[in-house]
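Per full-length UniProt numbering: the sequence shown = residues 1 to 192. Data block below; observations after.
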Amino acid sequence: MVPRTCSGTGAGDRIGTAGDGFLTRMRRGRIRNAPTGYAPAVSPVLDVELAAEPASAARSRRALSSWLASLCGLTALCDVGQDLVLAVNEAISNSVEHAYGGGPGTVRLRARVRTVVDAGSGTRGCGRLEVSVEIIDHGCWREPPSDPGFRGRGLMMAEASVDHMGIERTSAGTTVTMHRSLGCPSRQTVSA
1 MVPRTCSGTG AGDRIGTAGD GFLTRMRRGR IRNAPTGYAP AVSPVLDVEL AAEPASAARS
61 RRALSSWLAS LCGLTALCDV GQDLVLAVNE AISNSVEHAY GGGPGTVRLR ARVRTVVDAG
121 SGTRGCGRLE VSVEIIDHGC WREPPSDPGF RGRGLMMAEA SVDHMGIERT SAGTTVTMHR
181 SLGCPSRQTV SA
């Protein structure tokens with residue numbers, strides 16, 4: 001895995017451009033009731049239940065991307081956040097395709113964020129964000145074929161895109177857990 005953070009060239013450039021556009025529109029009177037003071041609090045939990053159908057992968061990408069960008073205070077998602085979205089997309093696509101064998105079912109995406117304050121960062125609570133994600137289905141695990149051909153690399157890609165990934169298979173279904181440090185500074189979140 002290539003270590004990346006949300007800070008640095010790129011993430012700040014996107015914020016600067018978006019902020020400049022916002023201020024220009026505000027000065028021209030195109031934005032009413034412009035926010036003042038602190039940014040609104042963002043929920044530390046994202047919980048989405050999806051139908052086990054191919055379109056759910058796109059819905060999960062949009063929901064997770066928006067939530068992650070809000071957590072980091074960005075208008076566009078940074079590369080590290082994109083890595084997590086890719087990994088979650090692969091796990092959800094796997095659940096949709098394999099867990100129910102084309103029959104009806106649901107897949108739940110549950111994400112939670114916490115702020116980690118590293119030693120030596122002071123007492124002001126400025127830390128980095130760590131996100132834990134669960135993808136839960138209630139279908140049946142299917143062993144991959146011995147020769148998957150050009151397929152079967154999604155979970156390997158997902159695992160390479162996060163700090164930690166685990167798969168728990170039970171008779172009640174499969175839970176994929178992922179953890180990823182975003183590296184971006186924490187924002188105000190609502191306590192869970």
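Glycine residues also receive a C-beta, built at the ideal position from the N, C-alpha and C atoms.
Whole alpha helix (DSSP H) elements within the region 85–163, 4-residue minimum: 154–160
Length of the line joining the Cα atoms of residue 68 and residue 92: Mapped onto the sequence shown, residue 68 falls at position 68. Mapped onto the sequence shown, residue 92 falls at position 92. Between residue 68 and residue 92, the C-alpha separation is close to 17 Å.
Where the alpha helix (DSSP H) containing residue 64 begins and where it ends: As a position in the sequence shown, residue 64 is number 64, starting the count at 1. Counting along the chain, the alpha helix (DSSP H) containing residue 64 begins and ends at 55–72.
At least 3 beta-carbon pairs within less than 8 Å: the region 89–107 vs the region 130–148: yes
Neighbour-count burial assignment, residue 157, 16 or more Cβ in a 10 Å radius: Looking up residue 157 in the sequence shown gives position 157. Its Cβ having fewer than 16 others within 10 Å, residue 157 is exposed.
Contact between the region 40–56 and the region 109–116 (3+ Cβ pairs under 8 Å): yes
Residue 193 - partner residues in DSSP beta bridges: With the chain covering only 1 through 192, there is no way to say anything about residue 193.
Cβ neighbour criterion (16 or more within 10 Å) applied to residue 81: On the sequence shown, residue 81 is found 81 positions in, with the first residue counted as 1. Classification for residue 81: buried.
6 Å CB neighbourhood of residue 168 in its chain, flanking five on each side removed: As a working note, residue 168 is residue 168 in the sequence shown. 175, listed in sequence order.
Cα-Cα separation between residue 183 and residue 94, rounded to whole angstroms: Walking along the sequence shown from the start, residue 183 turns up at place 183. Walking along the sequence shown from the start, residue 94 turns up at place 94. Rounded to the nearest angstrom, the two C-alpha atoms are 28 Å apart.
Within 7 Å, strictly: CB atoms of residue 64 and residue 88: Within the sequence shown, the letter at position 64 stands for residue 64. Within the sequence shown, the letter at position 88 stands for residue 88. Yes, the pair counts as a contact, with Cβ atoms nearer than the cut-off.
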